[in-house]
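Just below is one structure, and these are the notes that go with it.
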Amino acid sequence: MSHSASPRPATAHRSRDLTGDIRIPGDKSISHRSFMFGGLASGETRITGLLEGEDVINTGRAMQAMGARIKKDGDTWIIQGTGNGCLLKPEAPLDFGNAGTGARLTMGLVGTYDMETTFIGDASLSKRPMGRVLNPLREMGVQVKAAEGDRMPLTLHGPKVAAPITYRVPMASAQVKSAVLLAGLNTPGITTVIEPVMTRDHTEKMLAGFGADLTVETNREGVRHIRIVGQGELKGQTIDVPGDPSSTAFPLMAALLVPGSDVTIRNVLMNPTRTGLILTLQEMGANIDILNARLAGGEDVADLRVRASELKGVSVPPERAPSMIDEYPVLAVAAAFAEGETIMDGLEELRVKESDRLSAVADGLKANGVDCTEGEASLTVRGIPGGKGLGGGTVATHLDHRIAMSFLVMGLAAEKPVTIDDSAMIATSFPEFMDLMAGLGAKIERS
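Residue numbers for the sequence shown, in full-length UniProt numbering: 1 to 447.
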């Protein structure tokens, strides 16, 4: 599937009584990093539960192009890594398709190598700014040739020996933090990232698990200092990837909004840096039971039982944004069915996702009869309990998988059907979405 292929519109119709017991595909963030760190480590890494969406597979292909050997045996991915510091110059540009995480993290990983690496992507990825990752790499001595505005296509050429830096991330971004730490892997000395607001910490946890010499200190103000000692050895690991909380958000929200629903979702990642949506929904009155909470591979995991609920509007504190940044589109859809006003603030990061997600969400809501106000970094939604009068519009997805899935969920609970202009790109992160939702009883048809 390519984004230049013909669009596949889809329409969601009002549904009832969604029921089932499901497992969500593996977490996208952990899946990307499993391929990257396994490809870089010495020895063998075995991965089960990997998200096999196009974005993650593109990261795997990039690691193969730089010398890692990757194969699939049944449900297990087996990687023979190159060893830290031993990536090879790729013979062709690395094509990341729509994978912003894969591209930005790999820029950090290879930027400090004394070789030339070119990055390309699809139309959506080529519009997205990469400067936030490239700027710290430049400080380490990396030469960058990029399209206007630090966009793809771009080529990195690392120095003979990279310089370690201390870098304070100017915005809450796990991708920027991770790119700098990965650049530090091939840099002599200690590279330090200062993170004023904590973001998802999979990179720190997984690098430590692979044997990196990495320490994290948090001061009284909550500012984190993450230090990595470069040029150490990483050793292959066995990884079972838990279910992706961002993908979980879509069947979870459908179960909350569609009358009569009762759905259990198994093996969901509950890392505290990723659970902002569940916390917010509980504040709105959502009936979500957290069952069988446990540790798996160093990460918090649980099962969720979700039942149809009457929601009330809330104000979501801006400091919660890093723990739920990918879930705001589907939260905005839930707010459309809540009683009263829901105010979401601190959303500037949404402007530089697969699309300008803030505008895309506001436009989609308005096209389906929702009263909402878009600010520079905020969105206020005034809901209609029961969805009376909502729906009937067509949503422009802008090649953004989360916009597509969010508005299909809306159509399941709105009075009138909701159509999206393209559903093809859902495969980048959640290829099983359509079949899984149909199995619960959702009425979604593709053109």
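All C-beta atoms, glycine included, are put in the ideal place defined by N, C-alpha and C.
Per the DSSP secondary-structure output, cysteine 86 pairs with nothing in a beta bridge.
For aspartate 435, the uninterrupted alpha helix (DSSP H) run begins and ends at 433–440, by DSSP. Under the three-state reduction of DSSP, aspartate 21 is assigned to strand. Take glycine 230, set aside five residues on each side of it, and the residues of its chain with a beta-carbon closer than 7 Å to its own are Pro164, Gly184, Leu185, Asn186, Thr187, Pro188, Gly189, Thr191, in chain order. By the criterion of a C-beta distance shorter than 8 Å, cysteine 86 is surrounded in its chain by Gly67, once the five residues flanking it on both sides are discounted. It is roughly 35 Å from the alpha-carbon of alanine 255 to the alpha-carbon of glycine 121.
Taking proline 259 as the centre and dropping the five residues before and after it, the same chain places the C-beta of Arg16, Ala308 closer than 7 Å to its C-beta, in chain order. In this structure the stretch 305–321 does not lie against the stretch 223–237, because fewer than three pairs of beta carbons, one per stretch, are closer than 8 Å. Across the set Ile78, Arg8, Thr11, the C-alpha of Ile78 shows the shortest separation from the C-alpha of serine 34.
Aspartate 363 sits in a helix when the DSSP states are folded into three classes. Two segments are said to touch when three or more pairs of C-beta atoms, one from each, lie closer than 8 Å; by this definition the stretch 163–183 touches the stretch 99–113. The three-state secondary structure of tyrosine 328, taken from DSSP, is helix.
The closest CA to that of aspartate 421, considering only Gly439, Ser429, Gly364, is found on Gly364. Taking 7 Å as the cut-off, the beta carbon of arginine 357 is found closer than this to the beta carbon of proline 329.
Excluding residues up to 5 positions away in sequence, Leu40, Ala41, Ser42, Leu185, Asn186, Gln231, Gly232, Glu233, Leu234 lie with their Cβ nearer than 8 Å to the Cβ of asparagine 84 in the same chain. Residue nearest to alanine 99 within the set Pro90, Glu221, Met130 is Met130 (criterion: CA-CA distance). Threonine 428 carries a helical assignment under DSSP once its states are collapsed to helix, strand and coil.
Judged by DSSP secondary structure, asparagine 292 falls within the beta strand (DSSP E) whose first and last residues are 287–296. Between the alpha carbons of glycine 81 and tyrosine 113 lies a distance of about 17 Å. Note: aspartate 262 is bridge-paired with Thr19, Arg307 in the DSSP secondary-structure output. With respect to the 7 Å criterion, alanine 424 and arginine 61 are not classified as neighbours on the basis of their beta carbons. Assignment of beta-bridge partners to alanine 10 by DSSP yields Ile420, Arg446.
Glutamate 374 has Leu379 as its beta-bridge partners, per DSSP. Taking a C-beta distance under 7 Å as the contact criterion, proline 251 and leucine 269 do not qualify as a contact pair.
For phenylalanine 250, there is no enclosing beta strand (DSSP E); the residue is found in the alpha helix (DSSP H) stretching over 245–257.
Pairing threonine 273 with arginine 168 gives a Cβ-Cβ distance that is not under 7 Å. The Cβ atoms of glutamate 116 and threonine 59 lie no closer than 7 Å to each other.
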